[in-house]
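K.L.:
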Amino acid sequence: MAIFLLRRLGAAVVLVFVIATMTFLLMSMTGGDPARNILGDGATVEQVAAKSAELGLDQPLAVRYVDWLGAAITGDFGRSWFTNEPVMTSLANKFPVSLSVVVTAILVTALLSAVLGVTAAVKRGWIDRFVQMFAVLGFALPNFWVALILVTVFAVNLKILPATGFVPFATDPVRWLLGLILPVGALVVGTIASTAQQVRGATIDVLRQDYVRTLRSRGISHRSLLFRHVLRNAAPPALTVLSLQFVGLLGGAIIIEKIFALPGIGSLAVNATLQGDLPQILGLVVVMVVLVVIVNLVIDLLTGWLNPKARVS
Amino acid sequence: MKRSILGLGALVVAASLMLAGCSAGSPASTDSAASTGGTLTLGATVDATSWDTADAEFGNRLQYMQPVYDSLLHIDSKLEITPWLASAFSYNDDNTRLTLTLRDDVTFTDGEAFNADAVKANLDHFATGTGQNSITLASVSSVEVTSPTEVVLVLKAPDPALLRNLALVSGMMASPAQLTTGSLKTTPVGSGPYVLDAAATVTGSQYTYKRNADYWNADAFPYDSIVIKPLSDLTARLNALKAGEIDAASADAKSMAEAQASGLTVGKMLGDWQGLFIVDRAGAKVPALADERVRQALNYAIDGDAILKSIRLGEGESTTQIFNPSSQAYDKSLDDAYPYDPAKAKKLLAEAGYADGFDLVLPDLAGFSDVTTITVQSLKDVGIRVTTEPVSADQTISRLISGEFPVFVFSWGSSNSWQDTIKLLTPTAPWNMMKNQDPELDSLIAAAQSSSGADADTAFQKLSAFVVDKAWFAPWYVQNNIYLSSAKTSVTMQPQNVVPYIWNYAPAS
Numbered sequence: 527m528a529i530f531l532l533r534r535l536g537a538a539v540v541l542v543f544v545i546a547t548m549t550f551l552l553m554s555m556t557g558g559d560p561a562r563n564i565l566g567d568g569a570t571v572e573q574v575a576a577k578s579a580e581l582g583l584d585q586p587l588a589v590r591y592v593d594w595l596g597a598a599i600t601g602d603f604g605r606s607w608f609t610n611e612p613v614m615t616s617l618a619n620k621f622p623v624s625l626s627v628v629v630t631a632i633l634v635t636a637l638l639s640a641v642l643g644v645t646a647a648v649k650r651g652w653i654d655r656f657v658q659m660f661a662v663l664g665f666a667l668p669n670f671w672v673a674l675i676l677v678t679v680f681a682v683n684l685k686i687l688p689a690t691g692f693v694p695f696a697t698d699p700v701r702w703l704l705g706l707i708l709p710v711g712a713l714v715v716g717t718i719a720s721t722a723q724q725v726r727g728a729t730i731d732v733l734r735q736d737y738v739r740t741l742r743s744r745g746i747s748h749r750s751l752l753f754r755h756v757l758r759n760a761a762p763p764a765l766t767v768l769s770l771q772f773v774g775l776l777g778g779a780i781i782i783e784k785i786f787a788l789p790g791i792g793s794l795a796v797n798a799t800l801q802g803d804l805p806q807i808l809g810l811v812v813v814m815v816v817l818v819v820i821v822n823l824v825i826d827l828l829t830g831w832l833n834p835k836a837r838v839s
Numbered sequence: 005m006k007r008s009i010l011g012l013g014a015l016v017v018a019a020s021l022m023l024a025g026c027s028a029g030s031p032a033s034t035d036s037a038a039s040t041g042g043t044l045t046l047g048a049t050v051d052a053t054s055w056d057t058a059d060a061e062f063g064n065r066l067q068y069m070q071p072v073y074d075s076l077l078h079i080d081s082k083l084e085i086t087p088w089l090a091s092a093f094s095y096n097d098d099n100t101r102l103t104l105t106l107r108d109d110v111t112f113t114d115g116e117a118f119n120a121d122a123v124k125a126n127l128d129h130f131a132t133g134t135g136q137n138s139i140t141l142a143s144v145s146s147v148e149v150t151s152p153t154e155v156v157l158v159l160k161a162p163d164p165a166l167l168r169n170l171a172l173v174s175g176m177m178a179s180p181a182q183l184t185t186g187s188l189k190t191t192p193v194g195s196g197p198y199v200l201d202a203a204a205t206v207t208g209s210q211y212t213y214k215r216n217a218d219y220w221n222a223d224a225f226p227y228d229s230i231v232i233k234p235l236s237d238l239t240a241r242l243n244a245l246k247a248g249e250i251d252a253a254s255a256d257a258k259s260m261a262e263a264q265a266s267g268l269t270v271g272k273m274l275g276d277w278q279g280l281f282i283v284d285r286a287g288a289k290v291p292a293l294a295d296e297r298v299r300q301a302l303n304y305a306i307d308g309d310a311i312l313k314s315i316r317l318g319e320g321e322s323t324t325q326i327f328n329p330s331s332q333a334y335d336k337s338l339d340d341a342y343p344y345d346p347a348k349a350k351k352l353l354a355e356a357g358y359a360d361g362f363d364l365v366l367p368d369l370a371g372f373s374d375v376t377t378i379t380v381q382s383l384k385d386v387g388i389r390v391t392t393e394p395v396s397a398d399q400t401i402s403r404l405i406s407g408e409f410p411v412f413v414f415s416w417g418s419s420n421s422w423q424d425t426i427k428l429l430t431p432t433a434p435w436n437m438m439k440n441q442d443p444e445l446d447s448l449i450a451a452a453q454s455s456s457g458a459d460a461d462t463a464f465q466k467l468s469a470f471v472v473d474k475a476w477f478a479p480w481y482v483q484n485n486i487y488l489s490s491a492k493t494s495v496t497m498q499p500q501n502v503v504p505y506i507w508n509y510a511p512a513s
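Going line by line, the protein sequences match chains C and V.
According to this note's numbering, the first sequence holds residues 527 to 839 in order.
According to this note's numbering, the second sequence holds residues 5 to 513 in order.
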């Protein structure tokens, strides 16, 4: 296990380095002019040159890269060129917002898809048909449309939930939760649809296995059979889907963040990219990669814990 | 098994109902705008960036700065400049020395005194900074402190936009003790009617301002607190307005009907003009453009009224001028100069020797694809062979200003006449990329710069007439800025700024 973890961490370091380097090179090749973008349309050529020098853009690419890397290794990702805020401070402000939404959405997805998927697999009949219909519907409905409907009904008409904004958990846990209900609701329609289908399919597959029939013939209770044997074996495919969804939601919740005016990493990533705010983008990419690596690691460990057959030595 | 699954399902349903129940009692709306006091909550299209006065911007971000920073002068919704932190102001005879008499009863919120030294420190800080508007003090050669309550701004040449700028960005006063510490970028310290309430502010989400208890003119600001929420998405702003979470925000023409149906008040003010920038007036890249008949043909070739009607839903007015309708340079009679007339465009091209057209590369800018498509087709219809080249959003300004494109479709937020002149027309103007110059234009600019009062209006209008006649641009229309507000908020629209100034809001009576 220790070797597995060390290998994973080593791969993570290499991955972060490669992706950060590629991001740095790609952003440098776009040909944008951050100094001009900062100073706007009224600035003279001299002012733009002075700003470029202030940002270090007059240095050769290699020098800028080594400077950035040297500082980044010590945890200093510099300051945003546009807001002057330290990159780590802005990430520390934005990530909790996105993680609040995404983690809650994943937890709700896990819970509801397990309930729906297992019920459909075990009961079959109308519940199964309902789950399958819901899955098709969930896939078909774009989450931004669901979001707009939810806002119109619950925020604009009924006025029982906020239409926009985010309140940090530490400030007010109740308002934090209320603010999450609609964005999470909009996101989980699609994720539950796909995950519930996975759980249903995997559960049906396991239920058809010979060892399940054998266990049943030995008089093991239905509950024990389902929770101790079937679900443990059916869990890995669902967990894999969940981990993919986590990564996808983190990067793909931009539209939901915009509709609900959530100050998360989605808007940060879009603005930083449009402006060419390199320090901000690099900080964001590094943290995202680390997060993705951690999520995959946790899912691997969870899969191993649930199913010893999948456990790594 | 059956019971456990049903039990789990019931738990989920119960939890959902509990959450919904919790929410029923929570207020979704702000408590803003009682007849006196209360809170004004605004939705902003952009987030705040730097709080340093040297980085202050016109447009949307003014609203973040105006609550905390007072300016030397004041500008109202009729564009009249009146005393503010400077209790009196006067020019010498040739408009090269501006004397400001200062109030003696103002202190910054960190206890520092507002006086002539503070004004000099602030103006120097702004002029030498790297903010995008440091250019607005480029005409000031020095600031002389003549007494604790008087400063003289010595100018290199008359600056017809100076008073207006001192009422806005370049006249914003921060505590002199903070100017050199670097802390202003993240923590504003001014003498304005409000202070930023750090405890109730969440960067990127909500900026809360509470009254400055020692403010010298509290009566001018009716609200006890102001909250500004950055809501970059129009749908989010509309939903927040309809849900009562904010009191006012920018919108666009397409959202007007929905807003009116929801009981919101729609404010309009003519703002940006859209059209063609014809910047290669000497024909350095496209020789045909050196002939004014060709440039005039470009003006006749495109049906701006149709674009205004179809793309902007008619929210605006036709124009041929680069100057704002509220500005002194604007002359209504010039707007009939180039009606849509493709036959005349072809005739002018033929007269100039381009009966078979010429080749032109237009940039396809992010956000302008719809009007660019129409432009390309219209120009092809009169025989000009147009190809387009995509330009990404982060490269738009730098590539346009580089002079790479001889003609391009763009939008210009016109404001003060002199401000637009030094940005668009003078040989050193950043948007006169090819450094085009004309002796007649030079003398018209010089006359506009040095005159004042009614003479200045006439001089600027002659300047506008020259630019229209020589077809340096091909503006189609000036479009309305659309601003929505709730029934409990009274908003006075502000000419020459995309959003109202912070003193243009009051509780509705």
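Heads up, the beta-carbon is just placed ideally off N, CA and C, and yes, glycines get one too.
All values derive from a computational prediction rather than experimental measurement.
Output the distance between the C-alpha atoms of C:Pro694 and V:Ile230, rounded to the nearest integer angstrom.
P.N.:
On the first sequence, residue 694 of chain C is found 168 positions in, with the first residue counted as 1. On the second sequence, residue 230 of chain V is found 226 positions in, with the first residue counted as 1. Using only the alpha carbons, I get a separation of about 20 angstroms.
K.L.:
Based on the DSSP output, what are the partners of V:Gln278 in its beta bridges?
P.N.:
Numbered from its first residue, the second sequence carries residue 278 of chain V at position 274. V:Gln278 is bridged to V:Ser415 and V:Tyr481.
K.L.:
Going straight from the alpha carbon of V:Ser447 to that of V:Thr400, what length do you get?
P.N.:
As a first step, residue 447 of chain V is located in the second sequence; it is residue number 443 there, counting from the start. As a first step, residue 400 of chain V is located in the second sequence; it is residue number 396 there, counting from the start. Approximately 32 angstroms, taken between the alpha carbons.
K.L.:
Going along the stretch 431-453 of chain V in order, which residues come within less than 8 angstroms of chain C, judged by CB to CB distance?
P.N.:
Listed in sequence order: Thr432, Pro434 and Trp435.
K.L.:
Does any residue of chain C have a CB that is nearer than 7 angstroms to the CB of V:Asp80?
P.N.:
As a working note, residue 80 of chain V is residue 76 in the second sequence. No, no contact with chain C.
K.L.:
Is the stretch 419-431 of chain V in contact with the stretch 387-394 of chain V, if contact means three or more CB pairs nearer than 8 angstroms?
P.N.:
As far as the Cβ criterion goes, the stretch 419-431 of chain V does not touch the stretch 387-394 of chain V, which means the pair count is below three.
K.L.:
Whole angstroms is fine: what's the gap from V:Ser174's alpha carbon to V:Ala460's?
P.N.:
To locate residue 174 of chain V, count along the second sequence from 1; it is residue 170. To locate residue 460 of chain V, count along the second sequence from 1; it is residue 456. Cα to Cα, the separation comes out at about 23 angstroms.
K.L.:
Let's see if you can read the secondary structure: which residues bound the alpha helix (DSSP H) around V:Ile401?
P.N.:
For the purposes of this step, residue 401 of chain V is identified with residue 397 of the second sequence, where counting begins at 1. Here the alpha helix (DSSP H) through V:Ile401 covers Thr400 to Ile405.
K.L.:
Note down, in chain order, each residue of its chain lying with its Cβ closer than 6 angstroms to the Cβ of V:Leu12, except the 5 sequence neighbours on either side.
P.N.:
In the second sequence, counting from the first residue as 1, residue 12 of chain V sits at position 8. Caution is warranted here: a pLDDT of 40 is assigned to V:Leu12, below 50, making its placement in the model unreliable, and no coordinate value can be reported.
K.L.:
Does DSSP classify C:Thr799 as helix, strand or coil?
P.N.:
Residue numbering aside, residue 799 of chain C sits at position 273 when the first sequence is read from its first letter. Three-state result, C:Thr799: helix.
K.L.:
Is it a yes or a no for the stretch 321-340 of chain V touching the stretch 259-271 of chain V, going by three-plus beta-carbon pairs under 8 angstroms?
P.N.:
Output reads no: the stretch 259-271 of chain V does not touch the stretch 321-340 of chain V.
K.L.:
So who's on the other strand from V:Val365, going by DSSP bridges?
P.N.:
Against the second sequence, residue 365 of chain V aligns to sequence position 361. According to DSSP, which records beta bridges pairwise, V:Val365 is partnered with V:Thr391.
K.L.:
Tell me whether V:Tyr509 sits in a helix, a strand or coil according to DSSP, three-state version.
P.N.:
Against the second sequence, residue 509 of chain V aligns to sequence position 505. In the structure shown, V:Tyr509 sits in a strand (DSSP, three-state: E or B).
K.L.:
Beta-carbon within less than 7 angstroms of C:Asp654's beta-carbon, same chain only, minus the 5 sequence neighbours each way: which residues are those?
P.N.:
The residue given as residue 654 of chain C occupies position 128 in the first sequence. Answer for C:Asp654: Ala646, listed in chain order.
K.L.:
Which residues in chain V sit within 9 angstroms of C:Ile785, going by Cβ to Cβ distance?
P.N.:
Taking the first residue of the first sequence as 1, we reach residue 785 of chain C at position 259. Asp237, Thr239, Ala240 and Asn243, listed in chain order.
K.L.:
Should C:Gly582 go down as buried or exposed, given a rule of 16 or more other Cβ atoms within 10 Å for buried?
P.N.:
In the first sequence, the residue the question calls residue 582 of chain C occupies position 56. By the neighbour-count rule (16 or more Cβ atoms within 10 Å), C:Gly582 is not buried but exposed.
K.L.:
Rounding to the nearest angstrom, what Cα-Cα distance links C:Ala722 and C:Val738 in this structure?
P.N.:
In the first sequence, counting from the first residue as 1, residue 722 of chain C sits at position 196. In the first sequence, counting from the first residue as 1, residue 738 of chain C sits at position 212. Cα-Cα distance, rounded: 21 angstroms.
K.L.:
For V:Asp398, would you say it is in contact with chain C, using Cβ-to-Cβ distances shorter than 7 angstroms as the test?
P.N.:
Residue numbering aside, residue 398 of chain V sits at position 394 when the second sequence is read from its first letter. Yes, its Cβ sits closer than 7 angstroms to a Cβ of chain C.
K.L.:
Between the beta-carbon of V:Ser209 and the beta-carbon of C:Pro789, is there less than 7 angstroms?
P.N.:
Position 205 of the second sequence, counting from 1, holds the residue named residue 209 of chain V. Position 263 of the first sequence, counting from 1, holds the residue named residue 789 of chain C. It is a contact, given that the beta carbons lie within the stated cut-off.
K.L.:
Closest Cβ-Cβ distance between V:Gln136 and chain C: below 7 angstroms?
P.N.:
Here residue 136 of chain V refers to the residue found at position 132 when the second sequence is read from its first residue. V:Gln136 counts as touching chain C.
K.L.:
Residues of chain C with CB closer than 7 angstroms to the CB of V:Val206, please, in chain order.
P.N.:
Residue mapping note: residue 206 of chain V aligns to position 202 of the second sequence, counting from 1. Chain C residues near V:Val206: Pro694.
K.L.:
Starting from V:Lys272, follow its DSSP beta bridges and name the residues at the other end.
P.N.:
Residue mapping note: residue 272 of chain V aligns to position 268 of the second sequence, counting from 1. In DSSP, V:Lys272 forms a bridge with V:Ile486.
K.L.:
Considering only C-alpha positions, which residue in the set C:Asn619, C:Ser616 and C:Ile718 is nearest to C:Phe660?
P.N.:
The residue labelled residue 660 of chain C in the question sits at position 134 within the first sequence. When only C-alpha atoms are compared, the closest one is C:Ile718.
K.L.:
Looking at chain V, is there any beta carbon in it that lies within less than 7 angstroms of the beta carbon of C:Thr596?
P.N.:
Here the question's residue 596 of chain C lines up with position 70 in the first sequence. In the sequence as displayed, the identity of residue 596 of chain C is Gly instead of Thr. So, not an interface residue.
K.L.:
In whole angstroms, give me the CA-to-CA distance for C:Val700 and V:Thr493.
P.N.:
For the purposes of this step, residue 700 of chain C is taken as the residue at position 174 of the first sequence. For the purposes of this step, residue 493 of chain V is taken as the residue at position 489 of the second sequence. Their backbone Cα atoms lie some 29 angstroms apart in a straight line.
K.L.:
For the beta strand (DSSP E) holding V:Ile85, just list the boundary residues, first then last.
P.N.:
To locate residue 85 of chain V, count along the second sequence from 1; it is residue 81. Counting along the chain, the beta strand (DSSP E) containing V:Ile85 begins and ends at Ile85 to Pro87.
K.L.:
Using the Cα positions of C:Gly716 and C:Val813, report the straight-line distance between them to the nearest angstrom.
P.N.:
For the purposes of this step, residue 716 of chain C is taken as the residue at position 190 of the first sequence. For the purposes of this step, residue 813 of chain C is taken as the residue at position 287 of the first sequence. Distance between the alpha carbons of C:Gly716 and C:Val813: 26 angstroms.
K.L.:
Which runs of the beta strand (DSSP E) spanning at least 3 residues fall entirely within the stretch 152-237 of chain V, listed in chain order?
P.N.:
Segments of the beta strand (DSSP E) lying fully in the stretch 152-237 of chain V: 154-159, 198-200, 211-215 and 229-234.
K.L.:
Is there contact between the stretch 439-456 of chain V and the stretch 160-168 of chain V, where contact requires at least three CB pairs shorter than 8 angstroms?
P.N.:
Taking 8 angstroms as the limit for Cβ pairs, the verdict is that the stretch 160-168 of chain V does touch the stretch 439-456 of chain V.
K.L.:
Pick out the complete beta strand (DSSP E) segments inside the stretch 42-117 of chain V, 3 residues or longer, and give them in chain order.
P.N.:
Runs of the beta strand (DSSP E) inside the stretch 42-117 of chain V: 43-48, 77-79, 85-87, 90-95 and 101-106.
K.L.:
Check whether the Cβ atoms of C:Trp607 and C:Asp803 sit closer than 7 angstroms, and answer yes or no.
P.N.:
Indexing the first sequence from 1 puts residue 607 of chain C at position 81. Indexing the first sequence from 1 puts residue 803 of chain C at position 277. Yes.
K.L.:
Starting from V:Glu321, follow the alpha helix (DSSP H) in both directions and report where the run begins and ends.
P.N.:
Translated into the one-based positions of the second sequence, residue 321 of chain V becomes position 317. Careful: V:Glu321 lies outside any alpha helix (DSSP H), inside the beta strand (DSSP E) at Gly320 to Ser322.
K.L.:
Give me the chain C residues within the contact set of V:Glu321, using Cβ-Cβ distance strictly less than 9 angstroms, ordered along the chain.
P.N.:
Along the second sequence, read from residue 1 onward, the residue named residue 321 of chain V stands at position 317. Within 9 angstroms Cβ-Cβ: nothing; V:Glu321 doesn't reach chain C, min ~23 angstroms.
K.L.:
Given a limit of 8 angstroms on CB to CB distance, which residues of the stretch 188-221 of chain V reach chain C?
P.N.:
The stretch 188-221 of chain V vs chain C, Cβ under 8 angstroms: Lys189, Thr190, Val206, Thr207, Gly208, Ser209 and Gln210.
K.L.:
In whole angstroms, what separates the C-alpha of C:Ser554 from that of C:Ala538?
P.N.:
Taking the first sequence and counting its residues from 1, the one referred to as residue 554 of chain C is at position 28. Taking the first sequence and counting its residues from 1, the one referred to as residue 538 of chain C is at position 12. When rounded, the distance between both Cα atoms is 24 angstroms.
K.L.:
Measuring alpha carbon to alpha carbon, tell me which of V:Leu66, V:Trp55 and V:Val158 ends up nearest V:Asp98.
P.N.:
Here the question's residue 98 of chain V lines up with position 94 in the second sequence. Nearest of V:Leu66, V:Trp55 and V:Val158 to V:Asp98, Cα basis: V:Val158.
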